[in-house]
Amino acid sequence: MTTTASEITYRLEQKRRIQADFPGPKSLALTERRKAVVAAGVASSVPVYVADADGGIIHDVDGNSFIDLGSGIAVTSVGASDPAVVGAVKEAVEHFTHTCFMVTPYEGYVAVAEQLNRLTPGDHEKRTVLFNSGAEAVENAVKVARLATGRDAVVAFDHAYHGRTNLTMALTAKAMPYKTNFGPFAPEVYRMPMSYPFREENPEITGAEAAKRAITMIEKQIGGEQVAAIIIEPIQGEGGFIVPADGFLPALADWAKEKGIVFIADEVQSGFCRTGEWFAVNHEGVVPDIITMAKGIAGGMPLSAITGRADLLDAVHPGGLGGTYGGNPVACAAALASIGSMEEYNLNGRAKHIEELALGRLRELAAELPGGTGGSVIGDIRGRGAMLAIELVQAGSKEPNPELTKAVAAACLKEGVIILTCGTYGNVIRLLPPLVISDDLLKDGLEVLAAAIRANA
Ligand code: PLZ
528 MTTTASEITY RLEQKRRIQA DFPGPKSLAL TERRKAVVAA GVASSVPVYV ADADGGIIHD
588 VDGNSFIDLG SGIAVTSVGA SDPAVVGAVK EAVEHFTHTC FMVTPYEGYV AVAEQLNRLT
648 PGDHEKRTVL FNSGAEAVEN AVKVARLATG RDAVVAFDHA YHGRTNLTMA LTAKAMPYKT
708 NFGPFAPEVY RMPMSYPFRE ENPEITGAEA AKRAITMIEK QIGGEQVAAI IIEPIQGEGG
768 FIVPADGFLP ALADWAKEKG IVFIADEVQS GFCRTGEWFA VNHEGVVPDI ITMAKGIAGG
828 MPLSAITGRA DLLDAVHPGG LGGTYGGNPV ACAAALASIG SMEEYNLNGR AKHIEELALG
888 RLRELAAELP GGTGGSVIGD IRGRGAMLAI ELVQAGSKEP NPELTKAVAA ACLKEGVIIL
948 TCGTYGNVIR LLPPLVISDD LLKDGLEVLA AAIRANA
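With the sequence shown counted from 1, adding 527 to any position gets you the working numbering.
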């Protein structure tokens with residue numbers, strides 16, 4: 528069934544509106560209360576407090592409304608209050624909030640596992656385990672890979688982001704703010720060069736050649752037979768929405784298979800229709816041994832999962848995997864409803880439509896700027912589906928421009944558009960709208976972004 532966004536009904540008016548006294552008095556008062564009680568290490572990029580959210584709009588406590596181009600970091604793909612998710616949560620919570628699947632199990636967990644085994648790539652026999660956060664899913668994928676292979680080494684890549692727990696900090700590339708002074712880190716993690724087309728020294732390097740570069744380094748520095756797992760984000764998220772060159776992922780996956788290495792695709796950010804496919808690996812026909820999922824999976828409720836080859840997952844002894852809240856019944860109900868909405872609204876189709884609309888507008892913008900395409904402050908435009916990015920540079924060079932990036936995000940916010948930044952060099956504007964956003968709202972948001980870049984370039 529195909530539904531276009533124009534057929535989606537919204538509870539809140541889909542329009543941005545910013546009052547003169549932004550941020551307003553209630554948000555300012557909450558900021559003061561917060562400073563006295565919330566640890567400074569938790570930062571928020573937007574200085575307002577949320578009252579309501581629906582479709583592509585977030586309302587704050589002072590009556591401002593914002594166009595949401597971030598989805599709470601790629602989570603609310605079906606919207607922040609999708610009626611099906613809200614209904615399923617209400618229904619579930621009236622019966623039981625928790626029993627613990629490891630004590631007294633319930634159907635929702637099993638039903639989510641059935642859906643994930645169906646939706647993830649490959650028609651092999653699969654098994655699923657549910658957790659709470661993306662980092663927890665990554666930790667457990669590595670646990671399974673190590674147990675199943677009897678090997679220790681884990682390979683991650685430049686610009687990778689996998690979480691904030693000890694092992695996932697080790698897997699994450701960027702020191703500030705994720706790792707600095709938080710060590711020592713988990714051992715046996717090795718970092719290899721990524722395929723980053725915009726920043727390759729040799730712009731002609733193919734995906735297969737970039738894979739060969741990493742594979743040779745693994746062979747020389749670790750030895751293929753020592754490696755338990757290769758973990759990679761098929762499109763890197765926090766690291767800068769980096770889409771590797773075609774052929775990079777398949778070549779790595781093929782080599783991993785040859786060497787008995789578990790190939791883990793971290794689809795925490797890129798999964799669940801975000802890129803116009805259920806999973807970003809589908810664009811290249813790669814079938815991972817284990818796939819990690821979270822964020823978009825449950826319409827905003829905390830749930831994460833690993834799904835993988837039955838022989839790997841079933842190698843673990845009973846009791847070796849789990850956690851008190853993993854696969855919470857309310858979160859499972861939300862996941863089943865979100866997956867239903869993704870299918871009903873054809874959100875893969877919506878994500879492809881967003882790509883077409885937004886990439887077209889961004890390319891026009893680059894051509895209009897001083898220096899034009901290839902010579903302006905827009906160094907690169909990339910991404911898939913509704914996971915799109917602009918890499919900002921000093922005009923006519925590849926020198927990162929994090930100052931401009933910050934200024935553009937701040938200017939957008941003032942006009943009522945929430946835009947997130949990312950990237951190893953802090954110079955990437957990323958677009959992650961809810962997939963249910965209307966065309967009009969998205970176009971309005973893109974015009975604000977275009978004006979902010981023009982004014983600050
Ligand atoms: N793997 C690919 O993108 C989470 C976190 C931002 P959790 N990314 C956003 C921040 O500053 O904390 C992420 C991801 C990928 C793993 C994770 C971790 O997921 O649910 O945040 O633990």
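Beta carbons: idealized from backbone N, C-alpha and C, even for Gly.
Since the model is a prediction, treat every value here as computed from it, not as a measurement.
Within 10 angstroms of the beta-carbon of residue 699 lie 16 or more other beta-carbons, which makes it buried. Contact between the region 878-895 and the region 660-679 is absent, with fewer than three C-beta pairs closer than 8 angstroms. For residue 894, the enclosing alpha helix (DSSP H) covers residues 874-895. Per DSSP, reduced to three states, the secondary structure at residue 682 is strand.
Looking at the backbone, the Cα of residue 883 and that of residue 877 are separated by about 10 angstroms. Per the CB criterion, closer than 6 angstroms to any heavy atom of the ligand PLZ, the qualifying residues run in chain order as 600, 660, 661, 662, 665, 688, 689, 690, 691, 760, 764, 765, 793, 795, 796, 821. In the displayed model, residue 848 falls within coil according to three-state DSSP, outside both helix and strand. With fewer than three CB-CB distances shorter than 8 angstroms, the region 598-610 does not count as touching the region 552-562. In this structure residue 917 touches residue 956 by the C-beta definition: roughly 5 angstroms separates them, less than 8 angstroms. With 16 or more neighbouring CB atoms inside 10 Å of its own CB, residue 682 falls in the buried class. Excluding its 5 nearest sequence neighbours in each direction, residue 680 has C-beta neighbours in its own chain below 7 angstroms: 715, 717, 749, 753, 754, 755, listed in chain order. Residue 915: member of the beta strand (DSSP E) spanning 914-919, first to last residue. Going by DSSP, residue 859 is part of no beta strand (DSSP E) but of the alpha helix (DSSP H) stretching over 856-871. Taking 8 angstroms as the cut-off, the Cβ atoms of residue 815 and residue 791 count as close. Taking 8 angstroms as the cut-off, the Cβ atoms of residue 538 and residue 592 do not count as close.
Judged by DSSP secondary structure, residue 586 falls within the beta strand (DSSP E) whose first and last residues are 584-587. For the region 683-743, the full-length alpha helix (DSSP H) segments reaching 4 residues or more read 693-698 along the chain. Within the same chain, Cβ atoms closer than 6 angstroms to the Cβ of residue 898 are found at 922, 923, the five residues on either side in sequence being excluded. Two segments are said to touch when three or more pairs of C-beta atoms, one from each, lie closer than 8 angstroms; by this definition the region 610-620 touches the region 853-860. In this structure, residue 818 lies near residue 794, with their beta-carbon atoms less than 8 angstroms apart.
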